[in-house]
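*Asks:*
Residue numbers (this note's numbering): 384 to 799.
Now the structure itself:
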């Protein structure tokens, strides 16, 4: 199959400033106003999204709230509402599915569709139909940019080329010349560190990158991924490598009034229970637990506890308490401004083998704790996350813990 034969087989959809646009869609009083979304209600945090009106002032992800208010006193700062965005995300998917099936969700505001041969001839019309369906179902403030190309990577690049509310087609006949206007860091997978490594090898722009041979790309990337990228940029087939679940984790930046050692420890326990519930829903057990604390002085404290694979809250909380005691001993709790927990060493629950050296009474106790964890999971799913939990429960900062939206991970509604 030649590159030309691939046609326009991929459609990539990327919502514009999704969190901020979602707030403007849901709250009409915010429409037409500069809006910044923050992860929590604090003047010491930064923006995680900015509306197009706010972007006109130069605001972007990472802009401190204090700086935004100084430059634009009329900016409206709102706290993120993850549960609301997840519900809206599922409503959006249902609308898009009425036009063309969604093949894969890449993040809460990005998705991809594979077009059949009979759809490729009208790919542009399908994209316009998607935009019209979204406008009818929601509002003109919830817009998306769409890219169409011969593979998913090119379609994603095209979606970024004409934001906001853009539509760009990059057929194989325009490749790779149409990419010459881009910077190296505009290519997904080429971050600033990769760009610096390429510059040391004499590749400083897209012209230099596109002139490389497949084997040269493989050598520079140190893996087959270099050759895959070369083929994709020239309009060839591109298959995303399959990823395997390696951990369940949650993290939280803490507001200044939530940084006492007992509050940090309480937040860590909440995050762990959230992560453990997600892990059990996907039928995994963990053989290791990590705790990481970052300080206001940019210090970082991290430790890991290993154990035979377990899945119940009791065993995991005992391991966390061991790590928290170490953190207290190292004075890490008094400096922390963020906390993260992670469950690693994952194994499927069906693959857990009973230790022949474990006495029967200990095995029975472990089964009881597993049953109790299953019961608390069911109660939480039915009556809310705080319905049942081991130990003393603190009200988390901002009223939620763990259900953070990250690139590549959309929380289940059961996480809230």
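Just so it is clear, CB atoms sit at the ideal spot from N, CA and C, and this is done for glycine as well.
1) Which of the three DSSP states, helix, strand or coil, is assigned to residue 675?
2) State buried or exposed for residue 556, treating a residue as buried only when at least 16 other CB atoms are found within 10 Å of its CB.
3) Where do the N-terminal and C-terminal ends of the alpha helix (DSSP H) with residue 650 fall, by residue?
4) Does DSSP put residue 552 in a helix, in a strand, or in coil?
5) Where are the alpha helix (DSSP H) runs, 4 residues long or more, that stay fully inside the stretch 438-501, in chain order?
6) What span of residues does the beta strand (DSSP E) with residue 688 cover, start to end?
7) With 16 other CB atoms within 10 Å as the buried threshold, where does residue 695 fall?
8) Mind reading off the beta-carbon distance from residue 676 to residue 643? Whole number of angstroms is fine, and I expect it under 8 Å.
9) Check for me: the alpha helix (DSSP H) holding residue 566 runs from which residue to which?
10) If you follow the alpha helix (DSSP H) that residue 705 is in, where does it begin and where does it stop?
11) Under 9 Å between C-beta atoms, does residue 620 make it to chain C?
12) Throw me the rounded Cβ distance for the residue 458 and residue 421 pair, which I believe falls under 8 Å.
13) So, helix, strand or coil for residue 721, using DSSP?
14) Mapping the DSSP letters down to three states, classify residue 633 as helix, strand or coil.
15) Mind checking residue 680: buried by the 16 CB within 10 Å criterion, or exposed?
16) Between the C-alpha atoms of residue 619 and residue 588, what's the straight-line distance to the nearest angstrom?
17) What's the call for residue 436, buried or exposed, on a 16-neighbour Cβ count within 10 Å?
*Replies:* Let me spell this out:
1) Annotated three-state conformation of residue 675 is strand, per DSSP.
2) Here residue 556 is exposed. Its C-beta has fewer than 16 other C-beta atoms within 10 Å.
3) Annotation for residue 650: the continuous alpha helix (DSSP H) segment containing it runs 644-664.
4) Judged by DSSP in its simplified three-state form, residue 552 adopts strand.
5) Counting only runs that start and end inside the stretch 438-501, the alpha helix (DSSP H) elements of at least 4 residues fall at 448-454 and 465-480.
6) For residue 688, the uninterrupted beta strand (DSSP E) segment begins and ends at 683-693.
7) Burial call: buried.
8) With a Cβ gap of about 13 Å, residue 676 and residue 643 do not count as contacting.
9) Here residue 566 belongs to no alpha helix (DSSP H), and DSSP marks it neither H nor E.
10) Segment 696-712, the alpha helix (DSSP H) holding residue 705.
11) This model lacks chain C altogether; it includes just one protein chain.
12) In this structure, residue 458 and residue 421 do not form a Cβ contact; the two beta carbons are roughly 11 Å apart against a cut-off of 8 Å.
13) Residue 721 falls in the strand class under three-state DSSP.
14) Three-state result, residue 633: strand.
15) Exposed is the call here.
16) Cα to Cα, the separation comes out at about 21 Å.
17) Counting Cβ neighbours within 10 Å, residue 436 comes out buried, since at least 16 surround it.
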